[in-house]
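In short: position in the sequence shown from 1, add 24, done, that's our numbering.
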Amino acid sequence: MNPPDARRYAPATQRNREPILEILQQVLPPQGTVLEISSGTGEHAVFFAPRLTPRIWLPSEPEPRSRASVVAWLEHSPADNLHLPLDIDVRGTVWAVEENIPLESIPPINAIVNINMIHIAPWSACLGLMAGANRLLPSGGIMYLYGPYKRGGEHTAPSNEAFDDSLRAQNPEWGVRNLEDVVAAANDQNLTLLNTYQMPANNLSLVFQRA
Ligand SMILES: C[S@@+](CC[C@H](N)C(=O)[O-])C[C@H]1O[C@@H](n2cnc3c(N)ncnc32)[C@H](O)[C@@H]1O
């Protein structure tokens, strides 16, 4: 009998993966390893990896059931440039990539991609993400963020405001972040905002570069 299929599904990934891919193709370094933080189900990883060769795609996810889903998606849709997921909680002061030696076999990490995390996690996760990007990325390395943002403390759409309310009802430490606060946290960690892109459904893509 086959083992139960651990693949999980997040419908938003089907809607946002094409527009995100279009930006990643423009902004990622042409080669090297892309570390994906908070891979979730793993649907993005199996979609992006084969479309972003020759880059290596390295997923990570702290939640065990989601990490099992990433593994199941990898088994279902393998790609030569796609690695097994690491266990990374961005709040850790040392990430698994900084201590795991098997990674010697892949090119250095020169980009970090993080989709839809910082509003569904405490603010300390955003700070941890920035600190890790500062430790890991080489000068000129790229960090890509995707999600909804407030601007100047104001929501940019009623749908984002309703989403923010629903997040805060689930966990008072969650919530749609203010773009300026995120940029300031990045600046504190040697990351400069290069570009913002308006994305479907009132989301933004943010592209930072490590000094
Ligand atoms: C809404 S899901 C997004 C997942 C995936 N990136 C996507 O777009 O479908 C939020 C993800 O953030 C992860 N997450 C929450 N807190 C985290 C932390 N401190 N460090 C790393 N990942 C975290 C969760 O485990 C979850 O996979």
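Cβ coordinates follow ideal geometry from the N, Cα and C atoms, glycine included.
{"Item": "CB contact flag (S90, G64, <7 Å)", "Value": "yes"}
{"Item": "Extent of the continuous alpha helix (DSSP H) run through R234", "Value": "R234 -> not in any alpha helix (DSSP H); beta strand (DSSP E) instead, spanning 227 to 234."}
{"Item": "Integer Cβ distance of R192 from K174, believed to fall under 8 Å", "Value": "The pair is not a contact, with the Cβ atoms about 13 Å apart (cut-off 8 Å)."}
{"Item": "Contiguous beta strand (DSSP E) assignments of at least 3 residues, all confined to the region 130 to 211", "Value": "133 to 139, 166 to 171"}
{"Item": "Neighbour-count burial assignment, S62, 16 or more Cβ in a 10 Å radius", "Value": "buried"}
{"Item": "Rounded separation between Q222 and S229 - CA only", "Value": "7 Å"}
{"Item": "Candidates N184, P86, A34: closest to G199 by CA position", "Value": "N184"}
{"Item": "Counted within 10 angstroms of its Cβ, other Cβ atoms place A181 as buried (16 or more) or exposed", "Value": "exposed"}
{"Item": "Residue burial classification, H100 (beta-carbon count within 10 angstroms, cutoff 16)", "Value": "exposed"}
{"Item": "Contact test: D113 Cβ vs ligand 1 heavy atom, cutoff 6 Å", "Value": "yes"}
{"Item": "Chain-order list of residues whose beta-carbon lies under 7 Å from that of A149 (same chain, five-residue window excluded)", "Value": "V114, R115, M141, I142"}
{"Item": "Distance cut-off 6 Å: T37 Cβ against heavy atoms of ligand 1", "Value": "yes"}
{"Item": "P54 beta carbon near ligand 1 (any heavy atom closer than 6 Å)", "Value": "no"}
{"Item": "beta-carbon G64 near ligand 1 non-hydrogen atom, thresh 6 Å", "Value": "yes"}
{"Item": "DSSP bridge partner residues for I61 (one or two, in chain order)", "Value": "N138"}
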